[in-house]
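Student: Under full-length UniProt numbering, the first residue of the sequence shown is numbered 1, with each subsequent residue one higher. Note that the Cβ used here is the ideal one computed from N, Cα and C, for glycine as well. Below is a structure I'd like to ask you about.
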Amino acid sequence: MDEVKTGAEARAEDKPRKKRKALKLKDLGLGVPATGGEVLRDAKEVAAIESHWRGLGGGKAAKGGKKVKYIDELARLQFELIKLQEWVRVNGLKVCVLFEGRDAAGKGGVIKRITESLNPRVCRIVALGTPTEKERGQWYFQRYVAQLPAKGEIVLFDRSWYNRAGVEHVMGFCTDAEYQEFLRACPLFEEMLVQSGIILIKYWFSVSDEEQEKRFTERMRNPIKRWKLSPMDLESRKHWVEYSKAKDAMLEHTDKKLTPWYIVDADDKKKARLNCIHHLLQQIPYQDIAPVELDLPPRQSDDGYKRPKKSKQNWVPEVY
């Protein structure tokens with residue numbers, strides 16, 4: 001792949017700058033670990049998507065059948081998410097999406113791909129930490145209620161009130177009575193949300209034992225990913241079967257016709273992202289709202305304004 005130089009390097013050259021060639025997907029090598037790890041791979045992914053957004057703006061399905069290129073299809077789906085976002089905003093819909101699953105199942109990855117092209121004022125992520133002492137004394141659902149969407153909002157929960165059905169139950173952070181009460185009350189709580197006008201969508205990311213071990217190992221060895229691995233994640237490996245039983249009980253009690261669970265096969269990260277986003281778009285009927293045409297007004301005249309000298313201000317050094 002041709003080297004892409006930074007702005008500073010390009011300016012330093014004496015030769016006239018040549019017109020940069022458009023990025024070609026075949027040159028990106030996204031399927032192969034690249035030097036620089038996850039950061040570089042993500043940068044390539046975003047660059048490729050931005051390069052192809054104009055051509056994919058029509059919303060046409062990518063060609064290639066089963067061999068659809070990941071970047072092309074992700075870009076197309078992100079265009080559709082932008083349309084959905086505008087439909088939600090204009091029509092005052094309230095959308096709440098839950099992402100649950102084992103550690104390293106890929107929940108954060110799909111959330112990242114959903115939100116990276118959206119307006120954070122419309123679509124926001126909720127990832128609550130350990131409850132405070134005050135929150136532990138509240139109604140269990142109370143701290144989650146405060147995060148629910150208002151009209152014109154999409155809220156993505158990176159883990160949710162289902163912590164009680166999973167980690168809290170398995171690791172002993174709640175009593176058995178509290179656990180049983182959750183299984184009883186949760187369907188009623190969610191029914192109340194739906195009846196109040198909230199569109200509730202629940203995803204469970206299913207990852208195999210072997211694939212989770214592979215991802216944990218990668219996180220242990222990769223400094224860029226190590227922050228993703230917590231002592232609790234490692235401890236959860238010892239309780240694989242207990243988590244499986246807890247998941248089964250959770251689905252049995254809370255997979256209702258009004259608020260169903262949707263299971264995502266997450267062993268292949270890229271396929272899981274595409275499948276989940278595609279499915280999400282099918283759950284909310286929307287239309288493409290034509291944007292209002294804008295005219296760029298002329299800039300105000302200087303009117304005697306004199307810009308202060310740069311030497312009197314603290315500018316960030318141009319290292320690059």
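For LYS94, does the count of other Cβ atoms within 10 angstroms reach 16, so buried, or fall short, so exposed?
Tutor: That one is buried.
Student: Select from ARG215, TYR320, LYS247 the residue whose C-alpha is nearest the C-alpha of GLY106.
Tutor: Here the closest residue by C-alpha is ARG215.
Student: From the DSSP secondary-structure annotation, give me the bridge partner or partners of LYS202.
Tutor: For LYS202, which the question treats as bridged, DSSP gives the partners LEU98, TRP261.
Student: If you compare alpha carbons, which of PHE141, ASP302, TYR262 is closest to GLN283?
Tutor: Of the listed residues, the one whose Cα sits closest to GLN283 is TYR262.
Student: With H, G and I counted as helix, E and B as strand and the rest as coil, what does DSSP make of VAL126?
Tutor: Three-state DSSP puts VAL126 in a strand.
Student: Checking 8 Å against the spacing of the C-beta atoms, do LEU274 and TYR70 come in under that value?
Tutor: In this structure, TYR70 lies closer than 8 Å to LEU274 by Cβ.
Student: Within 10 angstroms of the Cβ of SER244, are there 16 or more other Cβ atoms? Answer buried if so, exposed if not.
Tutor: It counts as exposed.
Student: Would the segment 94–103 and the segment 137–152 be scored as touching if the rule is three or more Cβ pairs under 8 Å?
Tutor: Short answer: they touch.
Student: From TRP161 to TYR203, what distance separates their C-alpha atoms?
Tutor: So the alpha carbons of these two residues sit roughly 13 Å apart.
Student: May I ask you to verify whether the segment 176–188 touches the segment 117–131, counting CB pairs closer than 8 Å and requiring at least 3?
Tutor: The segment 176–188, when compared against the segment 117–131, does not touch it at the 8 Å Cβ threshold.
Student: Do LEU128 and ILE82 come within 8 Å of each other at the CB atom, strictly closer than that value?
Tutor: Contact flag unset, no.
Student: Determine the DSSP secondary structure at ASP158, reduced to helix, strand or coil.
Tutor: Strand, per DSSP.
Student: Identify the residues that DSSP records as bridge partners of GLU153: which are they?
Tutor: According to DSSP, which records beta bridges pairwise, GLU153 is partnered with LYS94.
Student: Within this structure, are the beta carbons of VAL289 and GLU135 separated by less than 8 Å?
Tutor: As written in the sequence, residue 289 is Ile, which differs from the Val given in the question. Against a cut-off of 8 Å, the Cβ pair of GLU135 and ILE289 comes out as no contact.
Student: Counting C-beta neighbours from all protein chains within 10 Å, is the total for ARG164 16 or more, i.e. buried, or is it exposed?
Tutor: The residue is buried, with at least 16 neighbouring Cβ atoms inside 10 Å.
Student: LYS269: which of TRP139, GLY109, ASP233, ASP248 sits nearest, CA to CA?
Tutor: The option with the nearest alpha carbon to LYS269 is GLY109.
Student: Rounded to whole angstroms, what's the CA-CA distance from LEU294 to GLU153? Just pull it up for me.
Tutor: Spanning the two alpha carbons is a distance of roughly 24 Å.
Student: Helix, strand or coil, according to DSSP, for LYS69 in the structure here?
Tutor: In the structure shown, LYS69 sits in coil (DSSP, three-state: anything other than H, G, I, E or B).
Student: Distance check for GLN287 and ARG76, CA to CA, integer angstroms please.
Tutor: About 15 Å.
Student: Restricting to Cα atoms, I'd like to know which of GLU218, PRO231, ASP209 is closest to ARG102.
Tutor: The option with the nearest alpha carbon to ARG102 is ASP209.
Student: How would you label GLY59, buried or exposed, when you count the other beta carbons within 10 angstroms and need 16 or more for buried?
Tutor: Confidence at GLY59 is low in this model, with a pLDDT of 46, below 50, so the placement of that residue is unreliable and no value is reported for it.
Student: In the DSSP assignment, find the unbroken alpha helix (DSSP H) run with ILE277 in it and report its ends.
Tutor: 269–283 is the span of the alpha helix (DSSP H), which, as asked, contains ILE277.
Student: Any idea what DSSP makes of SER117, helix, strand or coil?
Tutor: Coil at SER117, not helix or strand.
Student: First and last residue of the alpha helix (DSSP H) that includes SER244?
Tutor: 240–254 is the extent of the alpha helix (DSSP H) around SER244.
Student: Check ASN232 in the structure and name its three-state DSSP category.
Tutor: The sequence given here places Met at residue 232; Asn does not occur at that position. In this structure, MET232 counts as helix in the three-state DSSP scheme.
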